[in-house]
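Convert by adding 1 to the 1-based position in the sequence shown; the result is the number in the working numbering.
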Amino acid sequence: MSKLFNSDDDDFGYLDDSIHINWKKLLPAIIIVAAAVIALIIVLIVSFGHRGKKVPANASSTEETSSVSETDTDGNNTLSDKDEKEQDPQYSDNDGAMNQSAGNGASVILSNSTNETSDITIGVDVSKFQGTIDWAQAASSGVDFAMIRVGYRAQKTGVIYADTNAKYNMQQAAANGIKVGVYFFSSAVNEAEAIEEADWVADFIADYSITYPVAFDCEGFNTSESRQKSMTKAERTTVAVAFLQKIYDKGYTPMFYAASSELTNNSQWNTAILEKSFKIWVAQYPSTPYPETPSTSYAGTCSMWQYTNQGRVAGIGTNVDINVAYFGYSESNGSLSGETAASATPDVEAGMVFTSVNDTVTAKDEVRLRDKPSQDTDAAVIATLVNGETITRTGTSSSGWSRLVYNGQTVYAVTSYLTTDLTPKATESPTTGFNTKFTDCNDTVTPKEEVNLRNKPSVTDADSVVVATAKKGEFFTRTGYNTEVGWSRVVYNGQTLYCVTSLLSIQ
2 MSKLFNSDDD
12 DFGYLDDSIH
22 INWKKLLPAI
32 IIVAAAVIAL
42 IIVLIVSFGH
52 RGKKVPANAS
62 STEETSSVSE
72 TDTDGNNTLS
82 DKDEKEQDPQ
92 YSDNDGAMNQ
102 SAGNGASVIL
112 SNSTNETSDI
122 TIGVDVSKFQ
132 GTIDWAQAAS
142 SGVDFAMIRV
152 GYRAQKTGVI
162 YADTNAKYNM
172 QQAAANGIKV
182 GVYFFSSAVN
192 EAEAIEEADW
202 VADFIADYSI
212 TYPVAFDCEG
222 FNTSESRQKS
232 MTKAERTTVA
242 VAFLQKIYDK
252 GYTPMFYAAS
262 SELTNNSQWN
272 TAILEKSFKI
282 WVAQYPSTPY
292 PETPSTSYAG
302 TCSMWQYTNQ
312 GRVAGIGTNV
322 DINVAYFGYS
332 ESNGSLSGET
342 AASATPDVEA
352 GMVFTSVNDT
362 VTAKDEVRLR
372 DKPSQDTDAA
382 VIATLVNGET
392 ITRTGTSSSG
402 WSRLVYNGQT
412 VYAVTSYLTT
422 DLTPKATESP
432 TTGFNTKFTD
442 CNDTVTPKEE
452 VNLRNKPSVT
462 DADSVVVATA
472 KKGEFFTRTG
482 YNTEVGWSRV
492 VYNGQTLYCV
502 TSLLSIQ
(Lines of atoms letter the chains of each structure in order from A and count residues from 1; the text may use other names and numbers.)
(Lines give C-alpha, C1' and ligand atoms only; values in the text may rest on other atoms or scores of the structure.)
Protein backbone atom coordinates (compact mmCIF):
# COMPACT_ATOMS: atom_id res chain seq x y z
CA MET A 1 0.00 0.00 0.00
CA SER A 2 1.56 3.36 -0.97
CA LYS A 3 2.06 5.96 1.75
CA LEU A 4 0.06 9.14 1.99
CA PHE A 5 2.66 10.62 4.29
CA ASN A 6 6.52 10.72 4.12
CA SER A 7 8.35 10.59 7.44
CA ASP A 8 11.57 9.49 9.05
CA ASP A 9 11.25 6.91 11.82
CA ASP A 10 13.50 7.01 14.85
CA ASP A 11 15.18 3.90 16.21
CA PHE A 12 12.00 2.87 18.06
CA GLY A 13 9.77 3.22 14.97
CA TYR A 14 8.02 6.45 16.09
CA LEU A 15 7.56 9.40 13.80
CA ASP A 16 9.91 12.25 14.27
CA ASP A 17 8.71 15.77 14.90
CA SER A 18 8.48 16.68 11.19
CA ILE A 19 5.78 15.18 8.91
CA HIS A 20 5.88 15.93 5.20
CA ILE A 21 2.51 15.58 3.31
CA ASN A 22 2.65 13.94 -0.13
CA TRP A 23 -0.08 16.03 -1.79
CA LYS A 24 0.04 14.22 -5.14
CA LYS A 25 -0.93 10.94 -3.51
CA LEU A 26 -3.56 12.63 -1.26
CA LEU A 27 -5.33 14.44 -4.13
CA PRO A 28 -7.59 11.49 -5.28
CA ALA A 29 -8.96 11.01 -1.75
CA ILE A 30 -9.72 14.73 -1.47
CA ILE A 31 -11.67 14.61 -4.73
CA ILE A 32 -13.73 11.60 -3.56
CA VAL A 33 -14.59 13.28 -0.25
CA ALA A 34 -15.58 16.54 -1.99
CA ALA A 35 -17.86 14.68 -4.42
CA ALA A 36 -19.56 12.87 -1.55
CA VAL A 37 -20.20 16.17 0.28
CA ILE A 38 -21.70 17.76 -2.85
CA ALA A 39 -23.98 14.72 -3.39
CA LEU A 40 -25.16 14.93 0.21
CA ILE A 41 -26.00 18.64 -0.18
CA ILE A 42 -28.04 17.90 -3.33
CA VAL A 43 -30.03 15.14 -1.55
CA LEU A 44 -30.81 17.48 1.35
CA ILE A 45 -32.01 20.24 -1.00
CA VAL A 46 -34.32 17.86 -2.92
CA SER A 47 -35.71 16.37 0.31
CA PHE A 48 -36.43 19.81 1.74
CA GLY A 49 -38.20 20.83 -1.47
CA HIS A 50 -40.56 17.87 -1.17
CA ARG A 51 -41.25 18.23 2.52
CA GLY A 52 -45.02 18.29 3.20
CA LYS A 53 -45.79 16.68 -0.17
CA LYS A 54 -46.22 13.11 1.01
CA VAL A 55 -48.59 11.12 -1.23
CA PRO A 56 -50.16 8.01 0.26
CA ALA A 57 -49.79 4.77 -1.64
CA ASN A 58 -53.40 4.80 -2.77
CA ALA A 59 -53.38 8.36 -4.11
CA SER A 60 -53.69 8.50 -7.88
CA SER A 61 -51.28 10.59 -9.92
CA THR A 62 -53.76 10.79 -12.78
CA GLU A 63 -56.51 13.39 -12.61
CA GLU A 64 -59.99 11.99 -13.05
CA THR A 65 -62.39 13.55 -15.49
CA SER A 66 -64.80 15.80 -13.63
CA SER A 67 -68.51 15.87 -14.37
CA VAL A 68 -68.87 19.36 -12.90
CA SER A 69 -71.37 21.17 -15.08
CA GLU A 70 -71.20 24.64 -13.54
CA THR A 71 -71.11 26.53 -10.26
CA ASP A 72 -73.89 28.18 -8.29
CA THR A 73 -74.07 31.80 -7.23
CA ASP A 74 -71.82 31.07 -4.24
CA GLY A 75 -69.16 29.41 -6.37
CA ASN A 76 -70.02 25.87 -5.26
CA ASN A 77 -69.81 23.07 -7.82
CA THR A 78 -73.10 21.84 -9.24
CA LEU A 79 -73.97 18.62 -11.06
CA SER A 80 -76.07 18.13 -14.16
CA ASP A 81 -79.28 16.19 -13.61
CA LYS A 82 -78.00 13.05 -15.32
CA ASP A 83 -74.87 12.83 -13.14
CA GLU A 84 -76.36 13.42 -9.71
CA LYS A 85 -77.61 9.88 -9.15
CA GLU A 86 -74.15 8.44 -9.83
CA GLN A 87 -72.07 11.11 -8.11
CA ASP A 88 -73.94 11.76 -4.86
CA PRO A 89 -72.91 8.91 -2.54
CA GLN A 90 -76.01 9.45 -0.44
CA TYR A 91 -78.46 9.35 -3.35
CA SER A 92 -80.90 6.51 -2.77
CA ASP A 93 -84.51 5.54 -3.05
CA ASN A 94 -84.95 5.70 0.73
CA ASP A 95 -85.14 9.46 1.20
CA GLY A 96 -81.40 9.96 1.59
CA ALA A 97 -81.26 7.96 4.80
CA MET A 98 -77.80 7.48 6.22
CA ASN A 99 -76.10 4.15 6.96
CA GLN A 100 -78.41 1.20 6.28
CA SER A 101 -76.13 -1.45 7.86
CA ALA A 102 -76.35 -0.11 11.18
CA GLY A 103 -73.53 3.08 23.88
CA ASN A 104 -75.15 3.29 26.60
CA GLY A 105 -73.67 6.65 27.47
CA ALA A 106 -71.84 9.74 26.34
CA SER A 107 -68.22 10.12 25.38
CA VAL A 108 -67.35 13.80 25.59
CA ILE A 109 -63.63 14.05 25.08
CA LEU A 110 -62.69 16.41 22.27
CA SER A 111 -65.13 19.32 22.33
CA ASN A 112 -64.96 23.00 21.51
CA SER A 113 -68.15 23.91 23.35
CA THR A 114 -68.20 25.61 26.72
CA ASN A 115 -71.95 25.21 27.25
CA GLU A 116 -72.32 21.46 26.76
CA THR A 117 -74.64 19.65 29.17
CA SER A 118 -75.41 16.03 30.01
CA ASP A 119 -79.05 16.35 28.94
CA ILE A 120 -80.53 13.71 26.62
CA THR A 121 -81.76 15.41 23.45
CA ILE A 122 -83.68 14.21 20.38
CA GLY A 123 -82.87 15.21 16.83
CA VAL A 124 -83.10 14.43 13.13
CA ASP A 125 -80.48 14.26 10.40
CA VAL A 126 -81.55 15.57 7.00
CA SER A 127 -80.36 16.36 3.50
CA LYS A 128 -81.92 17.70 0.31
CA PHE A 129 -83.70 14.35 -0.03
CA GLN A 130 -86.15 15.42 2.68
CA GLY A 131 -87.35 18.21 0.36
CA THR A 132 -88.44 21.56 1.73
CA ILE A 133 -88.88 21.15 5.49
CA ASP A 134 -91.34 23.16 7.55
CA TRP A 135 -88.96 23.79 10.46
CA ALA A 136 -91.60 25.52 12.56
CA GLN A 137 -93.67 22.32 12.56
CA ALA A 138 -90.58 20.22 13.26
CA ALA A 139 -89.74 22.40 16.25
CA SER A 140 -93.26 22.14 17.63
CA SER A 141 -93.09 18.33 17.38
CA GLY A 142 -90.22 18.20 19.89
CA VAL A 143 -87.09 18.20 17.71
CA ASP A 144 -84.21 19.58 19.81
CA PHE A 145 -81.46 19.48 17.19
CA ALA A 146 -80.83 18.80 13.51
CA MET A 147 -77.72 17.31 11.92
CA ILE A 148 -77.78 18.82 8.44
CA ARG A 149 -75.82 17.53 5.47
CA VAL A 150 -73.76 20.39 4.06
CA GLY A 151 -72.10 18.53 1.19
CA TYR A 152 -70.34 15.50 -0.17
CA ARG A 153 -67.35 14.44 -2.25
CA ALA A 154 -68.41 12.59 -5.41
CA GLN A 155 -67.68 8.87 -5.45
CA LYS A 156 -66.09 8.80 -8.92
CA THR A 157 -64.55 12.18 -9.63
CA GLY A 158 -63.67 13.33 -6.12
CA VAL A 159 -65.27 16.76 -6.71
CA ILE A 160 -66.87 18.43 -3.66
CA TYR A 161 -70.52 19.51 -3.98
CA ALA A 162 -72.76 21.46 -1.61
CA ASP A 163 -76.13 20.05 -0.57
CA THR A 164 -78.57 22.35 -2.35
CA ASN A 165 -80.81 22.72 0.71
CA ALA A 166 -78.05 23.00 3.33
CA LYS A 167 -78.06 26.77 3.78
CA TYR A 168 -81.85 26.94 3.90
CA ASN A 169 -81.98 24.10 6.43
CA MET A 170 -79.27 25.57 8.68
CA GLN A 171 -80.88 28.99 8.63
CA GLN A 172 -84.49 27.93 9.13
CA ALA A 173 -83.78 25.28 11.76
CA ALA A 174 -81.87 27.80 13.88
CA ALA A 175 -84.53 30.48 13.28
CA ASN A 176 -87.13 28.14 14.77
CA GLY A 177 -85.13 27.36 17.90
CA ILE A 178 -83.65 24.05 16.75
CA LYS A 179 -79.93 23.77 17.51
CA VAL A 180 -77.86 22.86 14.48
CA GLY A 181 -75.03 20.44 13.81
CA VAL A 182 -73.81 19.34 10.39
CA TYR A 183 -72.26 16.38 8.62
CA PHE A 184 -70.18 15.91 5.48
CA PHE A 185 -70.28 12.76 3.34
CA SER A 186 -66.62 11.98 2.63
CA SER A 187 -64.94 9.89 -0.02
CA ALA A 188 -61.43 11.23 0.67
CA VAL A 189 -58.59 8.86 -0.27
CA ASN A 190 -55.78 10.59 1.64
CA GLU A 191 -55.12 13.06 4.44
CA ALA A 192 -54.76 15.99 2.04
CA GLU A 193 -58.28 15.43 0.70
CA ALA A 194 -59.66 15.01 4.23
CA ILE A 195 -58.17 18.34 5.27
CA GLU A 196 -59.52 19.91 2.08
CA GLU A 197 -62.99 18.64 3.01
CA ALA A 198 -62.74 19.99 6.55
CA ASP A 199 -61.57 23.38 5.29
CA TRP A 200 -64.45 23.45 2.80
CA VAL A 201 -66.98 22.60 5.52
CA ALA A 202 -65.62 25.20 7.95
CA ASP A 203 -65.79 27.88 5.27
CA PHE A 204 -69.30 26.83 4.21
CA ILE A 205 -70.76 27.00 7.75
CA ALA A 206 -68.78 29.98 9.04
CA ASP A 207 -71.74 32.41 8.91
CA TYR A 208 -74.27 30.02 10.52
CA SER A 209 -75.14 29.12 14.10
CA ILE A 210 -73.49 25.71 14.60
CA THR A 211 -73.96 24.38 18.14
CA TYR A 212 -73.96 20.58 17.78
CA PRO A 213 -70.96 18.73 16.34
CA VAL A 214 -69.57 18.65 12.81
CA ALA A 215 -69.59 14.99 11.77
CA PHE A 216 -67.53 12.90 9.36
CA ASP A 217 -69.66 10.34 7.48
CA CYS A 218 -68.02 7.78 5.17
CA GLU A 219 -70.04 4.89 3.74
CA GLY A 220 -69.99 2.47 0.83
CA PHE A 221 -66.20 2.37 0.72
CA ASN A 222 -66.13 -1.35 -0.14
CA THR A 223 -68.39 -1.10 -3.18
CA SER A 224 -66.89 -1.57 -6.63
CA GLU A 225 -67.66 1.98 -7.76
CA SER A 226 -66.08 3.66 -4.73
CA ARG A 227 -62.79 5.48 -5.21
CA GLN A 228 -61.92 4.29 -1.66
CA LYS A 229 -62.21 0.56 -2.40
CA SER A 230 -58.44 -0.14 -2.28
CA MET A 231 -57.94 1.66 1.05
CA THR A 232 -57.05 -0.27 4.20
CA LYS A 233 -58.81 0.13 7.54
CA ALA A 234 -55.78 1.99 8.87
CA GLU A 235 -55.74 4.38 5.90
CA ARG A 236 -59.45 5.14 6.24
CA THR A 237 -59.02 5.80 9.96
CA THR A 238 -56.09 8.13 9.31
CA VAL A 239 -58.23 10.06 6.82
CA ALA A 240 -61.07 10.36 9.34
CA VAL A 241 -58.73 11.57 12.08
CA ALA A 242 -57.25 14.20 9.74
CA PHE A 243 -60.75 15.56 9.00
CA LEU A 244 -61.89 15.53 12.61
CA GLN A 245 -58.72 17.11 13.99
CA LYS A 246 -58.93 19.88 11.39
CA ILE A 247 -62.57 20.54 12.33
CA TYR A 248 -61.49 20.85 15.97
CA ASP A 249 -58.69 23.23 14.98
CA LYS A 250 -61.29 25.34 13.17
CA GLY A 251 -63.25 25.81 16.40
CA TYR A 252 -66.00 23.19 16.06
CA THR A 253 -66.73 19.97 17.95
CA PRO A 254 -65.90 16.95 15.74
CA MET A 255 -67.85 13.68 15.66
CA PHE A 256 -67.42 10.40 13.77
CA TYR A 257 -70.42 8.53 12.28
CA ALA A 258 -70.64 4.84 11.34
CA ALA A 259 -72.83 1.76 11.66
CA SER A 260 -72.41 -0.36 14.77
CA SER A 261 -71.36 -3.34 12.64
CA GLU A 262 -68.45 -1.32 11.23
CA LEU A 263 -67.29 -0.18 14.65
CA THR A 264 -67.66 -3.39 16.66
CA ASN A 265 -64.34 -5.21 17.24
CA ASN A 266 -62.59 -2.65 15.00
CA SER A 267 -64.31 -4.32 12.04
CA GLN A 268 -63.96 -1.56 9.42
CA TRP A 269 -62.38 1.25 11.43
CA ASN A 270 -59.75 1.48 14.16
CA THR A 271 -62.52 2.28 16.60
CA ALA A 272 -60.22 2.31 19.60
CA ILE A 273 -58.23 5.16 18.06
CA LEU A 274 -61.31 7.19 17.10
CA GLU A 275 -63.19 6.92 20.39
CA LYS A 276 -60.17 8.03 22.41
CA SER A 277 -60.42 11.56 21.03
CA PHE A 278 -63.77 12.09 19.31
CA LYS A 279 -67.48 11.79 19.88
CA ILE A 280 -68.91 8.65 18.24
CA TRP A 281 -72.27 8.71 16.44
CA VAL A 282 -73.48 5.14 15.92
CA ALA A 283 -76.26 3.82 13.67
CA GLN A 284 -78.03 0.79 15.11
CA TYR A 285 -81.70 0.09 14.43
CA PRO A 286 -83.57 -2.08 16.97
CA SER A 287 -86.83 -3.75 15.96
CA THR A 288 -88.60 -1.59 18.53
CA PRO A 289 -87.33 2.01 18.47
CA TYR A 290 -86.46 4.38 21.29
CA PRO A 291 -87.82 4.94 23.94
CA GLU A 292 -89.37 1.44 24.03
CA THR A 293 -85.82 0.25 23.42
CA PRO A 294 -84.04 2.52 25.92
CA SER A 295 -80.50 2.20 24.57
CA THR A 296 -78.47 0.87 21.69
CA SER A 297 -77.12 -2.68 21.71
CA TYR A 298 -73.77 -1.35 20.49
CA ALA A 299 -71.25 -2.33 23.16
CA GLY A 300 -68.83 0.52 22.54
CA THR A 301 -68.96 4.06 23.83
CA CYS A 302 -71.07 6.52 21.85
CA SER A 303 -72.35 10.06 22.20
CA MET A 304 -75.20 9.91 19.69
CA TRP A 305 -77.43 7.01 18.60
CA GLN A 306 -79.27 6.96 15.27
CA TYR A 307 -82.06 4.52 16.15
CA THR A 308 -84.25 4.56 13.02
CA ASN A 309 -84.30 5.63 9.38
CA GLN A 310 -88.07 5.30 9.18
CA GLY A 311 -89.06 8.18 11.44
CA ARG A 312 -92.00 10.46 10.72
CA VAL A 313 -91.82 14.04 11.97
CA ALA A 314 -94.30 16.87 11.48
CA GLY A 315 -93.07 19.29 8.82
CA ILE A 316 -90.95 16.65 7.05
CA GLY A 317 -92.72 15.00 4.12
CA THR A 318 -90.54 11.88 3.91
CA ASN A 319 -89.13 9.26 6.24
CA VAL A 320 -86.26 10.70 8.26
CA ASP A 321 -83.44 9.46 10.51
CA ILE A 322 -84.02 10.13 14.22
CA ASN A 323 -81.29 10.30 16.86
CA VAL A 324 -80.77 10.34 20.61
CA ALA A 325 -77.83 12.46 21.79
CA TYR A 326 -76.44 11.85 25.25
CA PHE A 327 -75.56 15.52 25.52
CA GLY A 328 -77.11 18.91 24.88
CA TYR A 329 -76.26 22.60 25.03
CA SER A 330 -77.55 25.29 27.34
CA GLU A 331 -77.64 27.85 24.52
CA SER A 332 -77.04 28.18 20.80
CA ASN A 333 -73.74 29.39 19.43
CA GLY A 334 -73.32 32.40 17.24
CA SER A 335 -71.52 32.13 13.91
CA LEU A 336 -67.75 31.77 14.17
CA SER A 337 -67.29 34.46 11.55
CA GLY A 338 -69.38 36.93 13.52
CA GLU A 339 -71.39 37.53 10.34
CA THR A 340 -75.01 36.66 9.56
CA ALA A 341 -75.59 34.62 6.43
CA ALA A 342 -77.71 36.06 3.64
CA SER A 343 -81.28 34.82 3.48
CA ALA A 344 -81.44 31.40 1.81
CA THR A 345 -84.27 29.95 -0.26
CA PRO A 346 -85.13 26.25 -0.55
CA ASP A 347 -84.26 24.14 -3.56
CA VAL A 348 -87.74 23.50 -4.95
CA GLU A 349 -86.48 20.38 -6.76
CA ALA A 350 -84.92 18.85 -3.63
CA GLY A 351 -86.01 15.26 -3.25
CA MET A 352 -86.76 14.97 -6.98
CA VAL A 353 -84.47 13.99 -9.83
CA PHE A 354 -85.23 15.62 -13.16
CA THR A 355 -84.00 14.11 -16.42
CA SER A 356 -82.84 16.83 -18.80
CA VAL A 357 -84.82 17.22 -22.01
CA ASN A 358 -85.17 19.96 -24.61
CA ASP A 359 -88.50 19.85 -26.37
CA THR A 360 -91.45 22.06 -27.16
CA VAL A 361 -94.81 21.27 -25.58
CA THR A 362 -98.30 22.65 -25.27
CA ALA A 363 -101.23 21.92 -23.00
CA LYS A 364 -103.57 19.10 -23.98
CA ASP A 365 -106.34 21.47 -22.92
CA GLU A 366 -104.96 23.87 -20.34
CA VAL A 367 -102.54 23.55 -17.44
CA ARG A 368 -101.39 25.73 -14.58
CA LEU A 369 -97.72 26.74 -14.48
CA ARG A 370 -96.41 26.90 -10.92
CA ASP A 371 -93.28 28.26 -9.24
CA LYS A 372 -92.50 24.86 -7.71
CA PRO A 373 -93.39 21.24 -8.53
CA SER A 374 -96.24 21.01 -6.05
CA GLN A 375 -100.00 21.41 -6.00
CA ASP A 376 -99.92 22.44 -2.37
CA THR A 377 -101.07 25.86 -1.27
CA ASP A 378 -97.50 27.17 -1.02
CA ALA A 379 -97.03 26.76 -4.79
CA ALA A 380 -97.99 29.95 -6.63
CA VAL A 381 -99.67 29.75 -10.04
CA ILE A 382 -97.63 31.90 -12.44
CA ALA A 383 -99.82 31.47 -15.53
CA THR A 384 -102.20 29.08 -17.29
CA LEU A 385 -101.00 27.50 -20.54
CA VAL A 386 -103.73 26.65 -23.06
CA ASN A 387 -103.68 24.34 -26.04
CA GLY A 388 -101.91 25.98 -28.98
CA GLU A 389 -99.54 28.03 -26.82
CA THR A 390 -96.05 26.49 -26.88
CA ILE A 391 -93.37 26.42 -24.21
CA THR A 392 -89.89 24.90 -23.83
CA ARG A 393 -89.56 21.94 -21.49
CA THR A 394 -86.12 21.38 -19.92
CA GLY A 395 -86.74 18.44 -17.60
CA THR A 396 -89.09 15.66 -16.56
CA SER A 397 -89.36 13.90 -13.22
CA SER A 398 -90.55 10.40 -12.35
CA SER A 399 -92.80 12.07 -9.79
CA GLY A 400 -94.99 13.38 -12.60
CA TRP A 401 -93.72 16.94 -13.07
CA SER A 402 -92.17 18.82 -15.96
CA ARG A 403 -89.74 21.72 -15.65
CA LEU A 404 -90.39 24.49 -18.20
CA VAL A 405 -89.21 27.98 -19.11
CA TYR A 406 -91.95 30.62 -19.32
CA ASN A 407 -90.99 34.23 -20.12
CA GLY A 408 -87.47 33.53 -18.85
CA GLN A 409 -88.70 32.05 -15.55
CA THR A 410 -88.43 28.40 -14.48
CA VAL A 411 -91.89 26.98 -13.86
CA TYR A 412 -93.42 23.54 -13.35
CA ALA A 413 -96.48 21.72 -14.66
CA VAL A 414 -98.02 18.26 -14.32
CA THR A 415 -96.56 16.20 -17.15
CA SER A 416 -99.79 14.36 -18.01
CA TYR A 417 -101.41 17.68 -18.95
CA LEU A 418 -98.74 18.42 -21.57
CA THR A 419 -98.17 17.09 -25.07
CA THR A 420 -95.50 17.34 -27.76
CA ASP A 421 -98.28 17.22 -30.39
CA LEU A 422 -98.39 20.90 -31.30
CA THR A 423 -101.39 20.54 -33.62
CA PRO A 424 -104.15 22.74 -32.15
CA LYS A 425 -107.20 20.83 -31.00
CA ALA A 426 -110.41 21.36 -32.90
CA THR A 427 -112.79 23.62 -31.04
CA GLU A 428 -115.57 21.62 -29.42
CA SER A 429 -118.95 22.77 -28.36
CA PRO A 430 -119.00 23.44 -24.66
CA THR A 431 -120.51 20.66 -22.59
CA THR A 432 -121.76 20.56 -19.10
CA GLY A 433 -121.94 17.86 -16.51
CA PHE A 434 -119.59 15.11 -15.49
CA ASN A 435 -118.46 13.29 -18.65
CA THR A 436 -115.17 11.54 -17.70
CA LYS A 437 -115.48 7.76 -18.09
CA PHE A 438 -113.42 5.55 -15.76
CA THR A 439 -112.22 1.96 -16.15
CA ASP A 440 -112.93 0.10 -12.94
CA CYS A 441 -110.00 -1.26 -10.91
CA ASN A 442 -109.11 -2.11 -7.32
CA ASP A 443 -105.55 -0.91 -6.56
CA THR A 444 -103.74 0.19 -3.43
CA VAL A 445 -101.95 3.46 -4.12
CA THR A 446 -99.84 6.10 -2.37
CA PRO A 447 -98.60 9.48 -3.63
CA LYS A 448 -95.09 9.58 -5.11
CA GLU A 449 -94.62 12.77 -3.11
CA GLU A 450 -98.00 14.39 -2.48
CA VAL A 451 -101.23 14.78 -4.42
CA ASN A 452 -104.33 16.95 -4.20
CA LEU A 453 -107.60 15.00 -4.03
CA ARG A 454 -110.50 16.83 -5.66
CA ASN A 455 -114.25 16.46 -5.79
CA LYS A 456 -114.15 16.47 -9.63
CA PRO A 457 -111.48 15.20 -12.10
CA SER A 458 -110.42 18.66 -13.26
CA VAL A 459 -108.18 21.54 -12.25
CA THR A 460 -109.92 24.05 -14.49
CA ASP A 461 -113.56 23.45 -13.66
CA ALA A 462 -114.75 26.20 -11.34
CA ASP A 463 -116.62 23.61 -9.26
CA SER A 464 -113.52 21.45 -8.75
CA VAL A 465 -112.07 22.01 -5.29
CA VAL A 466 -109.29 20.37 -3.33
CA VAL A 467 -110.87 18.29 -0.56
CA ALA A 468 -107.65 16.83 0.87
CA THR A 469 -103.92 16.50 0.22
CA ALA A 470 -102.38 13.04 0.61
CA LYS A 471 -98.69 12.55 1.38
CA LYS A 472 -96.24 9.83 0.43
CA GLY A 473 -96.75 6.85 2.74
CA GLU A 474 -100.53 7.28 3.02
CA PHE A 475 -102.27 4.33 1.36
CA PHE A 476 -105.78 4.30 -0.08
CA THR A 477 -107.78 2.51 -2.77
CA ARG A 478 -108.05 3.44 -6.43
CA THR A 479 -111.37 2.30 -7.93
CA GLY A 480 -110.99 3.64 -11.47
CA TYR A 481 -108.76 5.36 -14.00
CA ASN A 482 -108.99 7.21 -17.32
CA THR A 483 -105.89 7.03 -19.51
CA GLU A 484 -107.07 9.70 -21.95
CA VAL A 485 -107.18 12.54 -19.43
CA GLY A 486 -104.83 10.99 -16.85
CA TRP A 487 -107.13 10.98 -13.83
CA SER A 488 -107.82 8.35 -11.18
CA ARG A 489 -110.86 7.81 -8.99
CA VAL A 490 -109.96 6.96 -5.37
CA VAL A 491 -111.60 6.34 -2.02
CA TYR A 492 -109.97 8.41 0.71
CA ASN A 493 -111.32 8.42 4.26
CA GLY A 494 -114.56 6.94 2.96
CA GLN A 495 -115.04 9.64 0.32
CA THR A 496 -114.82 9.24 -3.48
CA LEU A 497 -112.33 11.76 -4.85
CA TYR A 498 -110.17 12.31 -7.94
CA CYS A 499 -106.49 12.95 -8.57
CA VAL A 500 -103.86 13.01 -11.29
CA THR A 501 -102.73 9.45 -12.06
CA SER A 502 -99.06 10.30 -12.73
CA LEU A 503 -98.67 11.52 -9.14
CA LEU A 504 -99.61 8.12 -7.72
CA SER A 505 -97.52 5.02 -7.06
CA ILE A 506 -99.37 1.68 -7.38
CA GLN A 507 -98.38 -0.82 -4.70
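Each residue gets a CB set at the ideal place from its N, CA and C atoms; glycine is no exception.
All figures in this text were calculated on a predicted structure; none of them were measured in a lab.
Annotation: the stretch 456-481 contains no complete segment of the alpha helix (DSSP H) (minimum length 4 residues). Setting aside the 5 residues that flank it on each side, Thr461 is surrounded in the same chain by Glu367, each with a C-beta closer than 6 Å to its C-beta; the list follows chain order.
Taking the Cβ atoms as the reference, Ser506 lies roughly 7 Å from Val446, within the contact range of under 8 Å. Asp218 sits close to Met99, with the two beta carbons spaced by under 8 Å. Judged by DSSP secondary structure, Phe244 falls within the alpha helix (DSSP H) whose first and last residues are 234-250. In terms of CA proximity to Phe355, Arg394 leads the group Met148, Arg394, Ala235. In terms of Cβ geometry, Glu485 and Phe328 do not form a close pair [threshold 8 Å]. For Asp204, the enclosing alpha helix (DSSP H) covers residues 192-206. In terms of CA proximity to Asp360, Ile392 leads the group Val387, Ile392, Thr341. In this structure, Thr478 places its C-beta atom within 8 Å of the C-beta atom of Asn443. Under DSSP, Gly124 takes part in a beta bridge, and its partners are Phe146, Asn324. Pairing Asp204 with Gly316 gives a Cβ-Cβ distance that is not under 8 Å. Going by DSSP, Ala259 is part of the beta strand (DSSP E) stretching over 255-260.
For Gln508, the closest alpha carbon among the candidates Gly474, Gly335, Val467, Ser288 is that of Gly474.
Exposed is the label assigned to Phe476, since fewer than 16 other Cβ atoms lie within 10 Å of its Cβ. If you look at Ile161, you'll find it in the beta strand (DSSP E) that goes 161-163. DSSP places Met99 outside both helix and strand once states are collapsed to three, so it counts as coil. Excluding the 5 residues flanking it on each side, Pro290 has same chain C-beta neighbours closer than 7 Å at Tyr308, Thr309, in chain order. For Tyr209, DSSP assigns no beta-bridge partner whatsoever.
With contacts defined as CB atoms closer than 8 Å, Ala284 and Ser304 fail to qualify as a contacting pair. Relative to the Cα of Phe257, the nearest Cα in the group Asn266, Lys251, Ala243 belongs to Ala243. Taking a C-beta distance under 8 Å as the contact criterion, Lys157 and Glu226 qualify as a contact pair. The Cβ-Cβ distance between Asp89 and Tyr153 falls below 8 Å.
Taking C-beta atoms as the reference points, Thr502 and Gly481 fail to come closer than 8 Å.
Straight-line spacing of the CA atoms in Lys277 and Asn271 works out to 11 Å. Shortest Cα-Cα distance from Val144 to any of Ala195, Asn78, Asn324, Val190 involves Asn324.
As the crow flies, the alpha-carbon of Ile149 is around 14 Å from that of Pro255.
Asp441 counts as exposed, since fewer than 16 other beta carbons sit within 10 angstroms of its beta carbon. Residue environment: Glu350 is assigned as buried (16 or more neighbouring CB atoms within 10 Å of its CB, all protein chains considered).
Taken through DSSP and simplified to helix, strand or coil, Ile134 comes out as coil.
Approximately 4 Å separates the beta-carbon atoms of Ser400 and Lys449; this is inside 8 Å, confirming the contact. Of all alpha-carbon atoms in Val387, Pro374, Phe186, the one lying nearest the alpha-carbon of Lys365 is that of Val387. If the five residues before and after Leu454 are omitted, its C-beta is found closer than 8 Å to the C-beta atoms of Val467, Val468, Ala469, Thr470, Ala471, Val491, Tyr493, Leu498, Tyr499, Cys500, all from its own chain and listed in chain order.
In this structure Asn334 is buried. Its beta-carbon is surrounded by 16 or more other beta-carbon atoms within 10 angstroms.
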